[in-house]
Amino acid sequence: MKRLKGKVAWVTGAGSGIGEAGALALAEEGASVMLTGRRKEPLEAVAARITKDGGTARVHPGDMSRSEDAARIAEAIEKEFGRLDVLVNNAGSNIPDRSWKRLTPAGVDELIRANLSSAFHAAIAVLPIMRRQKDGVIINIASIAGRFVSTQPGVGYIAAKHGVVALSHSINMEECRNGIRSTALSPGEVATPIL
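Going by my numbering, the final residue of the sequence shown carries number 505, and the count climbs one at a time with no gaps.
The structure is reproduced here in structure tokens:
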């Protein structure tokens, strides 16, 4: 029996890597999966794999660093399916000039927008839906860099991912009374283009 039959999941950063793997796993368990990322073509490829195996997938391109994109997509998902049960907050990136010696204010802003603001925007967009349902799960993809400090991922990425961990804890503290749970997964290095 598929454990997520009848559930609706939204995966950001779903075009490759952890987001793609998460979307495929959710679909395998029976969830209808909404796929978001900045590039439409990789999302369509993931959706094709899901539908080929008998699952339900929709492509909703967008940039999660833009709050209006997050709000628009969450609204479209609720309009089509009437619910949203799982958010996998996976959108993020890194920059090549990540050491203190090479970091610029623009680089810091880019890292915070891509890795932390994007998580806030998606969570803010889904929380009203989940509150109405009195149920929901938010899975924030942080990083081992959000738990431990090292030089390789860069200071801006580390700071943003520590923020994602704190965001998860704060959702649990405030939203548990509404049946909403949150967790932060902290994977180690994954062979993706952001390394």
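Glycine included, C-beta positions come from ideal geometry on N, C-alpha and C.
All values reported here derive from a predicted model rather than from experimental measurement.
First through last residue of the beta strand (DSSP E) which encompasses residue i
i: R368; result: A367 to V369
i: L345; result: S342 to T346
i: G446; result: G446 to I451
Environment of residue i [buried if 16+ CB atoms lie within 10 Å]
i: R408; result: buried
i: D419; result: exposed
i: K411; result: exposed
i: M311; result: exposed
i: P463; result: buried
i: D363; result: exposed
i: H479; result: exposed
Per DSSP, the bridge partner or partners of residue i
i: A494; result: N450
i: N511; result: Any property of residue 511 remains undetermined from this structure, which presents the chain solely from 311 to 505.
Residue range of the alpha helix (DSSP H) that includes residue i
i: I405; result: Segment: none, I405 is in no alpha helix (DSSP H) and carries neither H nor E.
i: P463; result: Where P463 is concerned, there is no enclosing alpha helix (DSSP H), given that its DSSP letter is neither H nor E.
i: M517; result: A query on residue 517 cannot be resolved here, the shown segment of the chain reaching from 311 to 505 and no further.
i: F391; result: S377 to F391
i: R354; result: Going by the sequence as given, residue 354 is Glu instead of Arg. That run of the alpha helix (DSSP H) goes K350 to K362.
i: A416; result: P415 to I422
Best match in the options for proximity to residue i [C-alpha to C-alpha]
i: S428; options: G347, K444 and G316; result: G347
i: K417; options: R393, A470 and E351; result: The residue you asked about is not Lys; residue 417 is Gly in the sequence shown. If we check each option's Cα against that of G417, A470 comes out closest.
i: G498; options: A455, A331 and A476; result: A455
i: H431; options: G365, A333 and N399; result: N399
i: S453; options: R376, V475, K444 and E385; result: V475
i: G316; options: L334, A335 and S342; result: S342
i: V447; options: S326, R393 and K389; result: R393
Uninterrupted alpha helix (DSSP H) stretches inside the region 311-338 (no shorter than 4 residues): You should have 327-338.
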